[in-house]
Every structure is written in C-alpha cells, then in structure tokens.
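Everything below concerns the one structure shown next.
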Amino acid sequence: MRVKVTLDVNVPLKRRMKLRRTTGEEGFWAMFKYEFLPTFYFICRILGHSEKFCLKRFDTLADQIIQPYGAWVRAQPRRRHHLIRSQWLQNGDDDESEYSAGTITGVNRQQSPINLL
C-alpha cells in the first residue's frame, strides 16, 4: 500500500509505527519505506545532510554508533506510464495534416515547417 504524507524534515524518519484498528482489535506494526528520499544520513535519520555534516556523528564514539537504517528504507520507484498526448502521434495518419509550432504552420510532415536560411 502506498500513502502520501507530509513530514517534518527536522524530525527523524520512522522505520515503523504501531497502527490501531478502529474496531478495538489489536493493532499491527506498519513498516515504512520512502520514495523520492533526498539526501539522508542513515545514523541520525534526519533529512537534508550526509555523513560529513552530521553533528551526532562527531558527538558519538565510532564504536557506539548504531545505524538503524540502511538502503532498504528507500522504496523502489514506481514505473510511470507516459501517455502520448499529440493527436498525430496517436492516430498514425501519414496523409497531409496541419500542425503548428507557435505561428509557424506546415502541411507536409516530410518537410520541416521551419526554414533556417
């Protein structure tokens, strides 16, 4: 399931959250993955900076740093279906049709409607 939400970029990203059912039944844990994740440091979980600029990294001893996130937090991008919007590309007619680009018009697709000379 994909859900679009608004996030505060100053708060660490969540890996999971327990969701309650409205029927009163026991809830369940939802694991999160993020699409279009910008620069993100896996240790502090804050958006907008990397390892080189993380204050938490410099305040913690190297052997005490725990990396709660990894590349698995990034969701696979969805394949987008692009529609062909130009009518002459959709119907495939090769006979004479008129098309325009601004104020320049042409009649035959075999010739360019723009003369550069």
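All the letters of the sequence shown, read from the start, carry residue numbers 6 to 122 under our numbering. All C-beta atoms in this analysis are idealised placements derived from N, C-alpha and C, irrespective of residue type, glycine included.
Residues Trp34, Ala35 and Phe37 of the same chain have their beta carbon placed closer than 8 Å to that of Met22, with the five preceding and five following residues left out of the count. Rounded to whole angstroms, Val14 and Arg25 show a C-alpha spacing of 25 Å.
One alpha carbon belongs to Gly29, the other to Leu42, and they sit about 34 Å apart.
Of the candidates Arg7, Thr27, Tyr39 and Ile51, the residue whose Cα lies closest to the Cα of Val16 is Ile51. For Leu12, there is no enclosing beta strand (DSSP E), as DSSP marks it with neither H nor E. The DSSP-derived three-state label of Lys23 is strand.
Spatial neighbours of Gly32 in its own chain (CB-CB distance under 8 Å, excluding positions within 5 residues in sequence) are listed in chain order as Lys23, Leu24, Arg25 and Arg26.
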